Amino acid sequence: MACEQSALTTVAIVPPVPRRCVGPARGSVQRLLSQPVRDESLVEAIAKAEYNRPRDGESTSGPLFSMKMKSKLRHLPAATATALVANVSFLALTGAELEEALVKGMKTTLEAERRRVKFMMEHVGEQICPEQLELAMDKRDKLQCAIDEDGDASKNCEQGSSGKRTWMKTLPKCDLPRPAHVPVGQPAVESSETDGAKRIKTSWETPEILAERAAWNEGIEDRLQVPQQVPPFFVSACGTPHLWNNIAKPLYWGKRVSELPCFQAAEGARVDVKRVVEFLKMRLDGTCQPVSNLLGEPETRENGWFRMPLKSFESRKDNWPDTSEGPFGGGWTDWQQAWHGCKFEALYSILFHKKLFASYDAERGDRFLGRAPGVYVHSDATHSKIGSYMRFVPLCRDGVFWASSWEVRVDRSDRVPCSHHDQWVQQERSVVLAALWVCGSLYDDMENGWEVVEHWDPKLEANPRDTRFAGLCSARRPTKGKVFRETAGSQ
Numbered sequence: 042m043a044c045e046q047s048a049l050t051t052v053a054i055v056p057p058v059p060r061r062c063v064g065p066a067r068g069s070v071q072r073l074l075s076q077p078v079r080d081e082s083l084v085e086a087i088a089k090a091e092y093n094r095p096r097d098g099e100s101t102s103g104p105l106f107s108m109k110m111k112s113k114l115r116h117l118p119a120a121t122a123t124a125l126v127a128n129v130s131f132l133a134l135t136g137a138e139l140e141e142a143l144v145k146g147m148k149t150t151l152e153a154e155r156r157r158v159k160f161m162m163e164h165v166g167e168q169i170c171p172e173q174l175e176l177a178m179d180k181r182d183k184l185q186c187a188i189d190e191d192g193d194a195s196k197n198c199e200q201g202s203s204g205k206r207t208w209m210k211t212l213p214k215c216d217l218p219r220p221a222h223v224p225v226g227q228p229a230v231e232s233s234e235t236d237g238a239k240r241i242k243t244s245w246e247t248p249e250i251l252a253e254r255a256a257w258n259e260g261i262e263d264r265l266q267v268p269q270q271v272p273p274f275f276v277s278a279c280g281t282p283h284l285w286n287n288i289a290k291p292l293y294w295g296k297r298v299s300e301l302p303c304f305q306a307a308e309g310a311r312v313d314v315k316r317v318v319e320f321l322k323m324r325l326d327g328t329c330q331p332v333s334n335l336l337g338e339p340e341t342r343e344n345g346w347f348r349m350p351l352k353s354f355e356s357r358k359d360n361w362p363d364t365s366e367g368p369f370g371g372g373w374t375d376w377q378q379a380w381h382g383c384k385f386e387a388l389y390s391i392l393f394h395k396k397l398f399a400s401y402d403a404e405r406g407d408r409f410l411g412r413a414p415g416v417y418v419h420s421d422a423t424h425s426k427i428g429s430y431m432r433f434v435p436l437c438r439d440g441v442f443w444a445s446s447w448e449v450r451v452d453r454s455d456r457v458p459c460s461h462h463d464q465w466v467q468q469e470r471s472v473v474l475a476a477l478w479v480c481g482s483l484y485d486d487m488e489n490g491w492e493v494v495e496h497w498d499p500k501l502e503a504n505p506r507d508t509r510f511a512g513l514c515s516a517r518r519p520t521k522g523k524v525f526r527e528t529a530g531s532q
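Using the working numbering, the first residue of the sequence shown is number 42, and each one after it goes up by one.
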C-alpha cells in the first residue's frame, strides 16, 4: 500500500543536480546523453520542435544499442529514459526528432510509463517492435494487478470488525510519521509465523538472551537518574544494537503497560525540547565542545515533532559534490532525501562521529539483509515506516517520552545493490546527516502499540569512544551470524 505524502517531505529541498561541463557533441544521442537533461534552459530550447511519429510503412524494429550507450541510458532519470526507449523503434531519427521525443518523455510521470521504461531497460539491445512491447506490458500489468488484489485481500484480513487496523494507525494527509503500531499483547518473540508485512519488531528471546537480560538488570535502580532531571553521560556506557534490540526488553503501550509503576502521569508535565538540548549539551565531542553546538535552533513541527538542522548541512546546501565514488550514475552524484529511525541511546554517538555507521557486524547486534551491509534508510515514499526503528524513552522521568529519527541526504549513485523494497541500502560514505528530528509525547498522549522501555538506562547509551564504533564498513566484511529477514537497520 502506497504511503500517503507527508508534510515532512516538503520541508527540505533535494540538492540541485549539478551542471556538467561537456566537450563538443559527436551525435544527437551522445549529445543529449551528455547534457544536463533536467536543465530548464535545455527544455525550453528543444520544446519548440514538433513531435512526429513514424509514417506508415516505416520499419518498427529497434536498433541495437552499444554497451556504452546502454550504460549511459540506464542512469538517466526515469522520465528522460521513457522518451528515449519509447523511440528505439525509429531506425532513422534526426537530432530534432530525438530532442522532441525527449521533451515529451520528460513530461511523462505515469507509473505505467515508468514500468514500461523498466521493462525496456531489461531488453535494451534486442529488436522489439511496439506491438510486442504492448503485449508484454499488458501481460505484466495483469499479473501485477492480480498480485495487488491478493495483497489487498490479505490486508483486509488483518483488519478488525471496526475496519481499523490493529497494528498501525492510519496517517492523515500531511501528517508527520509516527511509530508503527503492533497488536496489543503481541509477544516480543521471533517466530516463523510472524507476518513480515506487519513490520513487527521482534527479539530473539532465547534462554541465553533471558539470562543476559537478568544479569544486565541487576543493580539497575542504582543507575537511574533523579526524577525531573536530565541524565548526564554515564562513563561506563557501552550500548550496542544487540543490547538495544535484545537485552532492553521492549514494551508496547497499552492498558497494562500504562499501569506499570514506572509509568505515571506527572502533574504539570509538558513537552519541552530544551530538555533534549540540555541532554546534548552535557555530552562533548572530540574537541570537548557540546555536541548540541552542531545543531541549529529547534523548529516546532506537528504532532510533537521538533526539527534541529545540522549547521554543517545548512552551510553546504549549495555546494554539493557533483562526482560520485559509486559504481552507478556514470560517475555523477544523485542526491536524494531519506529518513533513518534510531534509538535515543544512539544520538550522542551519531553526533560525535557526525555520521551513521553501517550495519555489518552481526555479533555487535547489527541487523542487515543477507550479505548487504550498509546504512539502511527509507525514502520519502516510505518514510512513515521509520517508526518501526524508534523507541520512546522516559528520558527525564518527568512524564514525557522522547523518540528520535534522522533526516539525511544519500547519493543513490553510491548505493548497495539489494532486493529490499521498503528500504534503500547505502554505502556509509554516501550518507550525509541533514537534521535531527525528536518527538515528545506526554503520558496521556501515548497511543496503544507504541514501543517504550521502562527506564532510561544510562549504561545502554552508545559510547562514541568505543572501538566497536570506530571502523568503516568498507574496511570489513560482514560477519556471519543472525541475519534479520523481517526488518533491517542497526539503530
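We treat Cβ as the ideally placed atom computed from N, Cα and C, and that holds for glycine. All figures in this text were calculated on a predicted structure; none of them were measured in a lab.
Is the beta carbon of residue i less than 8 Å from the beta carbon of residue j?
{"i": "Ala503", "j": "Ser353", "result": "no"}
{"i": "Ile537", "j": "Asp498", "result": "For residue 537 there is no data in the structure shown, the boundaries of the chain being 42 and 532."}
{"i": "Gly490", "j": "Trp285", "result": "no"}
{"i": "Leu351", "j": "Ala475", "result": "yes"}
{"i": "Val418", "j": "Trp380", "result": "yes"}
{"i": "Glu469", "j": "Gly415", "result": "yes"}
{"i": "Cys480", "j": "Gly337", "result": "no"}
{"i": "Pro282", "j": "His394", "result": "no"}
{"i": "Asp452", "j": "Ser471", "result": "yes"}
{"i": "Val473", "j": "Phe442", "result": "no"}
{"i": "Glu455", "j": "Gln467", "result": "According to the sequence as given, residue 455 is Asp; it is not Glu. Yes; because the gap between Cβ atoms is below 8 Å, this pair is in contact."}
{"i": "Leu321", "j": "Leu392", "result": "yes"}
{"i": "Arg316", "j": "Val271", "result": "yes"}
{"i": "Lys500", "j": "Arg324", "result": "no"}
{"i": "Glu366", "j": "Gly280", "result": "no"}
{"i": "Ile288", "j": "Arg254", "result": "yes"}
{"i": "Trp376", "j": "Arg450", "result": "yes"}
{"i": "Thr364", "j": "Gly372", "result": "yes"}
Residues bridged to residue i by DSSP?
{"i": "Met349", "result": "Leu477"}
{"i": "Ser446", "result": "Gly382 and Trp478"}
{"i": "Trp465", "result": "Val418"}
{"i": "Leu397", "result": "In DSSP, Leu397 forms no bridge with anything."}
{"i": "Trp373", "result": "Thr364"}
{"i": "Val298", "result": "The partner list for Val298 (beta bridge, DSSP) is empty, contrary to what the question assumes."}
{"i": "Arg456", "result": "Gln467"}
{"i": "Val493", "result": "Leu292 and Phe433"}
{"i": "Thr341", "result": "Phe347"}
{"i": "Leu483", "result": "Val441"}
With a cut-off of 8 Å on the beta carbons, I'd call residue i and residue j a contact; round off their distance for me.
{"i": "Tyr484", "j": "Gly428", "result": "Actually they do not touch by this definition, with Cβ atoms about 19 Å apart."}
{"i": "Glu31", "j": "Leu301", "result": "The chain is shown only over 42 to 532; residue 31 falls outside these bounds and no answer can be derived."}
{"i": "Arg348", "j": "Glu340", "result": "4 Å"}
{"i": "Arg438", "j": "Pro291", "result": "At roughly 19 Å, the Cβ-Cβ gap does not stay under 8 Å, so Arg438 and Pro291 are not in contact."}
{"i": "Ser333", "j": "Val318", "result": "5 Å"}
Just mark residue i as buried or exposed, buried being the case when its beta carbon has 16 or more other beta carbons within 10 Å.
{"i": "Thr374", "result": "buried"}
{"i": "Pro458", "result": "exposed"}
{"i": "Arg96", "result": "Since pLDDT at Arg96 reaches only 37, below the 50 mark, its modelled position is unreliable, and the value read off the structure follows with that caveat. By the 10 Å Cβ count, Arg96 comes out exposed."}
{"i": "Gln378", "result": "buried"}
{"i": "Pro273", "result": "exposed"}
{"i": "Tyr430", "result": "buried"}
{"i": "Glu259", "result": "exposed"}
{"i": "Pro248", "result": "exposed"}
{"i": "Ala399", "result": "buried"}
{"i": "Ala278", "result": "buried"}
{"i": "Pro368", "result": "exposed"}
{"i": "Glu488", "result": "exposed"}
{"i": "His424", "result": "buried"}
{"i": "Pro362", "result": "exposed"}
{"i": "Ser460", "result": "exposed"}
{"i": "Val434", "result": "buried"}
{"i": "Glu343", "result": "exposed"}
{"i": "Glu99", "result": "Caution applies to Glu99, whose pLDDT of 38 falls short of 50 and renders its modelled position unreliable; the model cannot decide the point."}
Problem set entry | Start-end ranges of the alpha helix (DSSP H) lying completely within the segment 264–335, minimum 4 residues | 296–299 and 315–322
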